[in-house]
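Please read the structure below before turning to the comments.
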Amino acid sequence: MRPRPRAERSSPVRWRQVLLPFLLSLFRGALPDQIRYSIPEELAKNSVVGNLAKDLGLSVRDLPARKLRVSAEKEYFTVNPESGDLLVSDRIDREQICGKKPLCILDFDTVAENPLNIFHVAVIVQDINDNTPLFKQNNIDLKIGESTKPGKTFPLDPALDSDAGPNSLQRYHLNDNEHFDLIEKQAPDGRKYPELVLKHSLDREEQNLHQLVLTAVDGGDPPQSGTAQIQIQVTDANDNAPVFIQDVYKVSLQEGVPLGFSVLQVTATDQDEGVNAEITYSFHHVDELVEKFFNLDKRTGEITTKDNFDFEIANSYTLSVEAKDHGDLAAYCSIQVEILDENDCAPEMVITSVFTPLPEDSPPGTVIALIKTRDRDSGENGEVYCRILGKAEFILKSYSKNYYKLVTDGPLDREENPEYNITIMATDRGKPPLSSSINITLHIADVNDNAPVFEQVFYLVHIAENNPPGASIAQVSASDPDLGPNGHVSYSIVASDLEPRALASYVSVSAQSGVVFAQRAFDHEQLRAFELTVQARDQGSPALSANASLRVLVGDRNDNAPRVLYPALGPDGSALFDTVPRAAQPGYLVTKVVAVDADSGHNAWLSYHVLQASEPGLFSLGLRTGEVRTARALGDRDAARQRLLVAVRDGGQPPLSATATLHLVFADSLQEVLPDVSDRPEPSDPQAELQFYLVVALALISVLFLLAVILAVALRLRRSPSPAAWGCFQSGLRSKSGPGVLPDYREGTLPYSYNLCVASQLAKTEFNFLNVTPEVTPSQDLLCEDAAWLPNTNHEGAGVPFASDTILKGSYVVHVAENNPPGASIFQVSASDPDLGPNGRVSYSIVASDLEPRALASYVSVSAQSGVVFAQRAFDHEQLRAFELTVQARDQGSPALSANVSLRVLVGDRNDNAPRVLYPALGPDGSALFDTVPRAAQPGYLVTKVVAVDADSGHNAWLSYHVLQASEPGLFSLGLRTGEVRTARALGDRDAARQRLLVAVRDGGQPPLSATATLHLVFADSLQEVLPDVSDRPEPSDPQAELQFYLVVALALISVLFLLAVILAVALSLRRSSRPSSWSCFKTDVCSKTGSGVIPNFSEGTLPYSYNLCAASHSSETEFKFLSIKPENGPSQDLLCNEASWFESANNDNRKMTSNSVNLQQHKADQTP
């Protein structure tokens, strides 16, 4: 039986019920043993006897709680529950109640509850003179012989007066007469009876009839009296009256004597003879009880019993016997019969109070019933003691006199025993003892002392994703052994690791049945597991409850097809290609197909298959890795361009798949293959077209300007007679500057950089690939990092790196935690061979594994002698989660016999990876991004979400989000598990428009690892409001726009110069006739002496212009950035050909060309006249 908190819920009244009897027993000597009242008989109903509550020391205010009442066989009295007065409730006739007893006392008990007390009360009933003395016969006839001598007495029937004490019969008197007188005598029982005495002799002849009046008077005030007429007839002489041997006889009888038992035989003698000597016996003036119990033989005088005596009714009888002869002469004697008690009455028990039903939380010592015992026998025959038959939970305590209290002796539990049948036996001390028993049925009232109990403290529920909304996923059940509302259980969800506001949209529980329903279709990829705390609560007061944990695991279905990450399409939607050296050997790693599957477990196990190949057998594809390798060397007949169609299938049932197309080109350099790999023209770029038109316009105007200048000069020279005017065009005027190389710009947004080198005489374009910087590598896929399908075997503090269980005969499962020390023992296999010598010597080896054969030795090894399996490296759960080995045990017999056993090694996860925040991330320029929040956003508005992943598995990958710092605490709330940032209240007038949150992301490992993220939140209704404020630096310049600007300026400048040249030529033509001297500025002596600059003429080699070509998969535009000319430096080294001599040879060729040009011009000048 479970202990229950009864003591805490016990009311103070119950404690008083236990303590007050103890205190009363201490002070019982100070309290009166009995309360006494005295009242006259025949009081009217509801007459007040006295204030019982006051006399008992009880407060009137406590009377309703104490329930003061009278406990008696016949209730002559009652207690007023409001005032505590003792009232008369029935007619009280003293003579009927007490008879002739001189003192009439009504004893009864009063019972008070809470606590239980019994008080003894005695009411003395005083007699009133309400009864008149009455004679049994109103007419008394006597016959007296005339020879009767004076002094002879004649007993008369006494008068009967039911009153007692002074009001009873006090005296007799006789009317005045000459012959008779009256004397009074007293019987042994105290009654007075009259005797008639003859004073003078009678003479029949003188007066044969005498009339007398006998009066009986009581002692009341006023006195009452009764009369009887005595008629005496004087008869003729009968000289001798009968005479008894004894005047008084005393006899003792057992009350159990049988009927007809001879009590006594009285004898009287008569000295007369004849008829006058014949005596007859009869009872003389006896009451009805005597005639009921005794029989008198008229002839013999023998007295026998005629009924059973009962000592408890009457313990003595007085008989008066008359002996009379035929002459009517009589004699009288008195017989006193004493009844001796026998143990013929069994004890009786009366239940005065029963407190049922009894609350089950009643403390020990609580009174259940009050029992009164009595035995009508006397002496030891009337002494009674009681005991309980069985039932150790209860005891009897003697309370007072003949009262017993039935009390509890220990705690009660209704759930174990809702009802008790208690048998109490009362036994007297007579010989043989007599006994009787009574049964008390005690009902136990229920108290809410039992909390509901769940069948299971922890429930683990598996449910597959994509379940129908409203489906039942589990049922919890709790029982409560209490009754009624105390045992009525209702269910509710009181806690969860889901957000409280979102909980109702996920699950609900039926309050009556405990059935848990899914409110939505779960998605394993979004929610893999969550916990609920279901409470079972009863309806008691106070209500008791119990909790049970419910962990719901959302199982995976194969509802996500694999997604190919690489190869991807180019920015324009065209397929990218991979190059393969022509001399690649078999096994050369060409590329790798990278794919992920959002599902888990077997559904996410990907396999790679070749669906179609341009040249089957040329390439091999890793089934699990997706690595494309050359299967053989390239042959002469193999095409330079190859195409592979690869299918990626998952392990679901049915499996889902995706395809990827690989374009592979055999080439030793990229320049060989660029013109061939493009299948369609490059899409037009509006910016590039605008730049093209601007350049064309600039070139056209420049040419027109030059033509205009040349025309003007030619016109001037034609009019000049001096050939020296052409001296300004001599070849010695050449530029001294060398070629320049533009600087290497590595800015821009695209993650791949190339060097573009353009040659004037080559038909191919060469690309030199630059190294991809680590910081621009694509981030890891979110789904690949989750490894919840493998159970977490991270036994923290276990001290043993592995544990194994036998699944079936010939198979073992070994758990080893990652980051184990290399060389550690992870398992031991053991085989026995009953043969002797070499035939029974066993050696162990690894004969098969799902690892690559070349890599197997670097993972595990087995001791050939002991069979201990060692880890050769530290395993990494994130790279290798499980692998299988086949260990062979082989004896040394001939032929050798062997047996194999499978060993599956599961690599458990440790918390060795900190969370990685995917969002928010920094901008391309390194600045922090921001999120906008509407100013009127209500509480609960979803602002943004912190997205983080953890490469670990199980609990180690369970992430929680916490606010470390906030500009305005209380303005935003953060989902503990979801990372959702919501408004906790509306924006106030005093709240700043810009807010900053520092969020920590912790995993569930021990110890936990964490990462931080900073959120910049701006309250604004539109982005335009906040753009001027959130930018911390000026907008970066656009090289394309700057180039266009310079082209436009150059175009405008040259256009102005062209117009000025035209205007000048026209003006000179108009004025040449009038002022020929004004054209003297065109004479040959005006030419520059320093020489004009001429750009070197490169006739062969690669032009000294270098560009950055940036290609991105997400952009449809190609960006070019011109490099500035650096005369002192050559272009950077080409990555593919590793030669830089091309620029030097080009410079040498240019110098030769320039020298040849000068010599030619000098030769022509010498031949000119």
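Position in the sequence shown (first residue = 1) + 373 = the numbering used here.
Beta carbons are placed, not taken as given, at the ideal position from N, Cα and C, and that holds for glycine.
Taking 7 Å as the limit between beta carbons, can you name the residues of its chain near residue i, skipping five residues before and five after?
i	result
asparagine 453	Leu460
serine 462	Lys418, Glu448, Tyr449, Phe450, Thr451
phenylalanine 1248	Val1189, Glu1191, Asn1193, Val1280
glutamate 1353	Leu1315, Lys1318
aspartate 576	Glu519
How far does the beta strand (DSSP E) with residue i in it reach, from first residue to last?
i	result
lysine 516	512–518
lysine 427	Element bounds for lysine 427: not the beta strand (DSSP E) but the alpha helix (DSSP H), 425–429.
valine 862	862–869
arginine 955	Here arginine 955 belongs to no beta strand (DSSP E), and DSSP marks it neither H nor E.
glycine 875	One point to set straight first is that residue 875 is alanine, not glycine, in the sequence displayed. Per DSSP, alanine 875 belongs to no beta strand (DSSP E); it is in the alpha helix (DSSP H), 873–876.
isoleucine 836	831–837
isoleucine 724	721–727
glutamine 1338	1333–1339
arginine 368	Because residue 368 is not part of the residues shown, which for the chain are 374 to 1542, the question remains open.
lysine 1318	1315–1318
glycine 755	Unbroken run through glycine 755: none, as it is neither H nor E.
glutamate 557	553–559
cysteine 706	703–713
lysine 522	Looking at the DSSP string, lysine 522 is not in any beta strand (DSSP E), and its letter there is neither H nor E.
serine 693	689–697
Could you work out which residue in the options is closest to residue i when comparing CA atoms only?
i	options	result
leucine 1029	Ala1081, Ser980, Gly1361	Ser980
aspartate 1011	Ala986, Trp978, Glu789	Ala986
leucine 542	Asn550, Ile813, Pro596	Pro596
valine 484	Ala438, Ala1087, Leu769, Val496	Ala438
alanine 1244	Val1290, Glu1251, Leu1270, His1188	His1188
serine 1198	Gln580, Ser1236, Ala921	Ser1236
glycine 1183	Gln1261, Leu1291, Asp714	Gln1261
threonine 746	Asp1223, Tyr776, Ala1440	Tyr776
glutamine 580	Val757, Gln604, Ala560	Gln604
serine 808	Gln627, Arg442, Gly755	Gly755
leucine 1017	Ala1386, Ala650, Leu949, Thr642	Leu949
glycine 472	Thr588, Ile686, Leu1344	Ile686
proline 528	His657, Asn511, Leu441	His657
leucine 669	Ser726, Val636, Thr642	Val636
valine 1069	Phe1392, Ala1393, Ala1309, Leu1420	Leu1420
Might you give, ordered along the chain, the residues of its own chain that have their beta carbon closer than 6 Å to the beta carbon of residue i, omitting 5 neighbours on each side?
i	result
aspartate 1206	Gly1213, Val1215, Asp1264
isoleucine 497	Ser411, Ile478
glutamine 638	Gly674, Glu675
serine 810	Thr796, Met798
valine 1320	Leu1291, Tyr1292
So, does the CB of residue i fall closer than 9 Å to a CB anywhere in chain B?
i	result
threonine 526	As a matter of chain content, chain B is missing from the structure shown, which is built from one protein chain.
How far does the alpha helix (DSSP H) with residue i in it reach, from first residue to last?
i	result
alanine 438	436–439
isoleucine 813	Taken as a continuous stretch (DSSP letters only), isoleucine 813 belongs to no alpha helix (DSSP H), being part of the beta strand (DSSP E) at 808–818.
glutamate 468	467–471
Who are the near neighbours of residue i in its chain, counting only those whose CB is closer than 8 Å to its CB and skipping five residues on each side?
i	result
threonine 608	Lys516, Ile517, Gly518, Glu519, Arg577, Gly700, Asp701
leucine 984	Leu1018, Val1019, Ala1020, Thr1032
serine 878	Gln892, Arg893
Check your understanding: Quick one: complete alpha helix (DSSP H) runs, 4+ long, within the segment 1226–1266?
Key -> Listed in chain order, the complete alpha helix (DSSP H) runs (minimum 4 residues) inside the segment 1226–1266 are 1226–1229.
Practice item. Could you tell me which uninterrupted beta strand (DSSP E) segments, each at least 3 residues in length, are contained entirely in the segment 887–934, listed from first to last along the chain? Key: Here the runs fully enclosed are 888–891, 902–911, 918–928.
Check your understanding: Does the segment 915–922 come close enough to the segment 823–830 that 3 or more CB-CB pairs lie under 8 Å?
Key -> The segment 823–830 vs the segment 915–922: in contact.
Review point. Given 8 Å as the limit, is there contact between the segment 526–538 and the segment 558–572, that is, 3 or more CB pairs closer than that?
Key: Verdict: yes, contact present.
Check your understanding: Using 8 Å as the Cβ pair cut-off and three pairs as the minimum, do the segment 844–858 and the segment 800–810 touch?
Key -> The segment 844–858 is not in contact with the segment 800–810.
Exercise for review: Return the chain-ordered ranges of every beta strand (DSSP E) run that is complete within the segment 580–635 and spans a minimum of 3 residues.
Suggested key: If only complete runs of 3 or more residues are kept, the segment 580–635 shows the beta strand (DSSP E) at 582–591, 598–608, 621–627, in order along the chain.
Exercise for review: Would you be able to state if there are at least three C-beta pairs under 8 Å between the segment 1369–1378 and the segment 1323–1332?
Suggested key: Touching, yes.
Check your understanding: Are the segment 970–979 and the segment 1000–1011 touching, with three or more C-beta to C-beta distances below 8 Å?
Key -> The segment 970–979 is not in contact with the segment 1000–1011.
Point to revise | Length at least 4, wholly inside the segment 651–677: the alpha helix (DSSP H) runs in chain order | key: Under the rule that a run must span 4 or more residues, the alpha helix (DSSP H) segments found entirely inside the segment 651–677 read 661–666.
Check your understanding: Given 8 Å as the limit, is there contact between the segment 1077–1084 and the segment 1424–1442, that is, 3 or more CB pairs closer than that?
Key -> Output reads yes: the segment 1424–1442 touches the segment 1077–1084.
Review point. Is the number of C-beta pairs between the segment 812–823 and the segment 718–737 that are closer than 8 Å three or more?
Key: Yes, since at least three Cβ pairs between the segment 812–823 and the segment 718–737 fall closer than 8 Å, the two stretches touch.
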